[in-house]
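There are 2 protein chains.
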Amino acid sequence: MSSRESRGSVGIVEPKQISISEPLRLSCGHTLDNYQLVYETYGELNSDASNAILVCHALSGNHHAAGYHTENPDERPGWWDSCIGPGKPIDTERFFVVVPNNIGGCHGSTGPNQVNPATGRVWGPDFPPLRFRDWVHSQRQLADQLGIHCWAAIIGGSLGGMQAMRWSLEYPERVRHCLVIASAMNLTPQNIAFNEMARKAILSDPDYCDGWYQEKGTRPRAGLALARMIGHVTYLSQNQLDERFGRELREGTFERGNSLPVQFEVESYLNYKGGQFAEDFDANTYLLITRMLDVFDLAREYNHSPAEAFARAKCKFLVMSFSTDWRFSPDRSREIVKALVQAGRDVTYTEVETDRGHDGFLADIPRYQRDLAAYLNRVAQETSDAN
Amino acid sequence: MSSRESRGSVGIVEPKQISISEPLRLSCGHTLDNYQLVYETYGELNSDASNAILVCHALSGNHHAAGYHTENPDERPGWWDSCIGPGKPIDTERFFVVVPNNIGGCHGSTGPNQVNPATGRVWGPDFPPLRFRDWVHSQRQLADQLGIHCWAAIIGGSLGGMQAMRWSLEYPERVRHCLVIASAMNLTPQNIAFNEMARKAILSDPDYCDGWYQEKGTRPRAGLALARMIGHVTYLSQNQLDERFGRELREGTFERGNSLPVQFEVESYLNYKGGQFAEDFDANTYLLITRMLDVFDLAREYNHSPAEAFARAKCKFLVMSFSTDWRFSPDRSREIVKALVQAGRDVTYTEVETDRGHDGFLADIPRYQRDLAAYLNRVAQETSDAN
Chain D
1 MSSRESRGSV
11 GIVEPKQISI
21 SEPLRLSCGH
31 TLDNYQLVYE
41 TYGELNSDAS
51 NAILVCHALS
61 GNHHAAGYHT
71 ENPDERPGWW
81 DSCIGPGKPI
91 DTERFFVVVP
101 NNIGGCHGST
111 GPNQVNPATG
121 RVWGPDFPPL
131 RFRDWVHSQR
141 QLADQLGIHC
151 WAAIIGGSLG
161 GMQAMRWSLE
171 YPERVRHCLV
181 IASAMNLTPQ
191 NIAFNEMARK
201 AILSDPDYCD
211 GWYQEKGTRP
221 RAGLALARMI
231 GHVTYLSQNQ
241 LDERFGRELR
251 EGTFERGNSL
261 PVQFEVESYL
271 NYKGGQFAED
281 FDANTYLLIT
291 RMLDVFDLAR
301 EYNHSPAEAF
311 ARAKCKFLVM
321 SFSTDWRFSP
331 DRSREIVKAL
341 VQAGRDVTYT
351 EVETDRGHDG
361 FLADIPRYQR
371 DLAAYLNRVA
381 QETSDAN
Chain U
1001 MSSRESRGSV
1011 GIVEPKQISI
1021 SEPLRLSCGH
1031 TLDNYQLVYE
1041 TYGELNSDAS
1051 NAILVCHALS
1061 GNHHAAGYHT
1071 ENPDERPGWW
1081 DSCIGPGKPI
1091 DTERFFVVVP
1101 NNIGGCHGST
1111 GPNQVNPATG
1121 RVWGPDFPPL
1131 RFRDWVHSQR
1141 QLADQLGIHC
1151 WAAIIGGSLG
1161 GMQAMRWSLE
1171 YPERVRHCLV
1181 IASAMNLTPQ
1191 NIAFNEMARK
1201 AILSDPDYCD
1211 GWYQEKGTRP
1221 RAGLALARMI
1231 GHVTYLSQNQ
1241 LDERFGRELR
1251 EGTFERGNSL
1261 PVQFEVESYL
1271 NYKGGQFAED
1281 FDANTYLLIT
1291 RMLDVFDLAR
1301 EYNHSPAEAF
1311 ARAKCKFLVM
1321 SFSTDWRFSP
1331 DRSREIVKAL
1341 VQAGRDVTYT
1351 EVETDRGHDG
1361 FLADIPRYQR
1371 DLAAYLNRVA
1381 QETSDAN
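Residue numbers (our numbering), protein chains in the order written: chain D, 1 to 387; chain U, 1001 to 1387.
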């Protein structure tokens, strides 16, 4: 444990679960009479509940963002352990950090892989379609339960950044700072194309069973693995792939006479990552969330004017991008900044020079950590000044 | 027909077929005792056979590069009709143009979808793995049969450019000009990753039947369609997708309550293109050629030194790239140019400013046509001066 502690770990954490019985009317018209949220918290809520940070996870993320679940020294920490912990940019000695698993997810919150109480059957493909605002409303109900009226900050990378922006429009009084990392106000046609191919991979897998694989005791592993590979390659930059894999051969030489087996390190890596994901993630959740992403369009209800949308917001913004990100490129972040400026909002923008592509937002990059820490230091000072 | 003629069409053409009985020893060790090549020719071979141009097709291409097969006014012309014809850059009034379907292909030349004479059974997945030099050697045998000792030019885009470069090293005395368009000396790990995902899509399709689908009277349509979609999206630039599709919805509105059907124009387009390809192309050929691409490395046998490789060549080179091509970016073309300059070769380089991405090499772009025409005009003048 000493190595963990020296890295400023939150240590062993236990997921919490809450059952919310306030009905949640979804954008599609369906109402969830009650639903579960699994979440983790790190740090302590202060007396006036002014130091709470909401962290919104991305497509493949969940509530386990920092620390460890067991004493097993081989266990990997939560997905954002590099940023969350004592003395880290999201400093758990100053902030109370809340990370829920989104509804529609597959790690314990109400979603396709859970039982629909109305039918006693797993939701499966019948889980209602969601919009980002449904996530925001469920998180607002969670905030109410936790006694948090106003978040000191809401932070999210990628899809998490979209949630954070939607929060700033849905509940402008309930967020002081919005941190939008490697995100965009909607998807490009190219983004949509990659999502569609991923869905195609899942839907074509005979083990998908029209979405009822869970009842049939199977999983669309091949389809989900391929879907993940298609996504994964868009998270990585060309440079990074070149440097990490080059044209290295798995066995050091071509296998003559047989053209099909995996031969390059990069293939081996993506196949491994895809296979791992297919064991851990739910196919219906993947379909649901990629479609949510396609449809998300921050300014649609604001006459397609991002500036008009952000005119509703009251919080301050930090927007961050990564130089080699080609999924949500720095240009997409600059569109957000431009709209915020037009709307008269307070905005800080920083572009991190890195080879890490879109996945940079999960990486331990000194410049990134420094900028994030500096901004959140300001947020913490405001919080303590007010006390 | 008048509209066709006014566009400088070669008009109605008929594919030719040749059976070559000179044994072809493949790089893998296997020997094809005889094999078929399907090809088309446009224009007339001059008396000293000095005006012949070999056009090498790309992954999804074939021998039908120009003109029409029928009088049907709805028929689309060959894949490079914009560049080949009377008065066009590859001017059939000056050149004799030869376009073979590569062996391993699926449009009539010896390949996985043809019968293996040794077994009486379709080759299917047993077709031997090929290397680019095998293509080059088969094309050399075709040249011998046609009485062409030295090509005035060998031209290829993308994978076709790799063939053209390999030709310049395998038979330096038999080519005067090598035109390498939107190509590269090997694939990047990202290129390989996309190929691997495409193969995965095919191999995961239950209708693939371990490659024996043809005998079973089926086709891995879903897998091949997805494979093509994965490839296709890398041929198009972001700009082009933005401009052509934006976030346009197929039905003009979201279908509430059902999150899965195709909703965006870009999805509809890619699905259509994928489906069309799946009817026309052979899955084993796709597997074979994508693996050939992964393994291709122009300089491998030359101590991994491209300059050392090109020191073998004797011809002059035109290298062309397209500004928004992210599959084989202008940087990859500049690597070729750099190696040619180091090797002391005569090289002209041109980068075409366009939104069309990798597929620019098939497009009717004025600047591209002009540069190609200017270069080939020089080639034609050399040819007539020598006569």
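Every residue gets a Cβ at the ideal spot worked out from N, C-alpha and C, and that includes glycine. All figures in this text were calculated on a predicted structure; none of them were measured in a lab.
With a cut-off of 8 Å on Cβ pairs, the stretch 69-77 of chain D is not in contact with the stretch 108-128 of chain D, counting fewer than three such pairs. DSSP places L1249 (chain U) in the strand class (E or B) of the three-state scheme. W1080 (chain U) and H1069 (chain U) have their C-alpha atoms roughly 14 Å apart. Below the 7 Å Cβ cutoff, chain D contributes P189, I192 and A193 as neighbours of V1266 (chain U), in chain order. Taking C-beta atoms as the reference points, S1138 (chain U) and I1020 (chain U) count as a pair closer than 9 Å. By a beta-carbon distance limit of 8 Å, S1060 (chain U) contacts F1277 (chain U). Their separation comes to about 7 Å. Taking a contact as a CB-CB distance under 8 Å, the pair A153 (chain D) and L179 (chain D) counts as one, their CB atoms being some 6 Å apart. Of all residues in the stretch 1194-1206 of chain U, only F1194, N1195, E1196, M1197, R1199, K1200, A1201, L1203, S1204, D1205 and P1206 place a beta-carbon less than 9 Å from a beta-carbon of chain D. In terms of Cβ geometry, E1196 (chain U) and F264 (chain D) form a close pair [threshold 9 Å]. The count of Cβ pairs closer than 8 Å, one atom from the stretch 341-358 of chain D and one from the stretch 305-324 of chain D, reaches three, so the stretches are in contact. Judged by DSSP in its simplified three-state form, T234 (chain D) adopts helix. In the three-state reduction of the DSSP assignment, D81 (chain D) falls in the coil class.
For S305 (chain D), no alpha helix (DSSP H) encloses it, and the DSSP letter there is neither H nor E. R1219 (chain U) does not reach chain D, its nearest Cβ partner there being about 14 Å away, counting only Cβ pairs nearer than 8 Å. Listed in chain order, the positions of the stretch 1118-1132 of chain U with a beta carbon within less than 7 Å of a beta carbon of chain D are P1129. Restricting attention to U:G1087, U:Y1208 and U:D1385, the CA atom closest to the CA of R1221 (chain U) is found in U:Y1208.
When DSSP states are grouped into helix, strand and coil, E196 (chain D) belongs to the helix group.
Relative to G11 (chain D), the option among D:I84, D:Q36 and D:G29 whose CA is nearest is D:I84. Residue environment for S384 (chain D): exposed (fewer than 16 other C-beta atoms within 10 angstroms of its C-beta). Under the criterion of beta carbons closer than 8 Å, A182 (chain D) and H358 (chain D) qualify as touching, at roughly 6 Å. By alpha-carbon distance to A1198 (chain U), the top candidate from D:L169, D:V233 and D:I192 is D:V233. Listed along chain D is no residue with a C-beta nearer than 9 Å to that of L1293 (chain U); the closest approach is about 11 Å. Under a criterion of Cβ atoms nearer than 8 Å, the residues of chain D adjacent to I1230 (chain U) are, in order, M197 and I230. D1297 (chain U) belongs to the set of residues whose beta carbon lies under 9 Å from a beta carbon in chain D. Using a Cβ distance threshold of 9 Å, A66 (chain D) and E93 (chain D) do not count as a contacting pair.
Distances from the alpha-carbon of Y1269 (chain U) to those of U:L1241, U:D1280, U:D1294 and U:T1285 put U:L1241 closest. Inclusion of V295 (chain D) and G156 (chain D) in the CB contact set at 9 Å is not warranted, their separation being larger than that value. Counting only the Cα atoms, F1310 (chain U) lies some 38 Å from P1117 (chain U).
Boundaries of the alpha helix (DSSP H) harbouring P1330 (chain U): P1330 to Q1342, taken from the DSSP string. In this structure, P1100 (chain U) keeps its C-beta atom at 9 Å or more from the C-beta atom of L1045 (chain U).
Between L37 (chain D) and G105 (chain D), the alpha-carbon positions lie close to 10 Å from each other. Taken through DSSP and simplified to helix, strand or coil, I289 (chain D) comes out as helix. Among the residues facing chain D, D1242 (chain U) is included, as its CB has a counterpart in that chain under 9 Å away. Here H177 (chain D) has A153, C315, K316 and V379 as same chain residues with Cβ atoms under 6 Å from its own Cβ, once five neighbours each way along the sequence are excluded. No Cβ of chain D is located within less than 9 Å of the beta carbon of G1105 (chain U).
Against chain D, a Cβ distance below 8 Å from F1245 (chain U) picks out P189.
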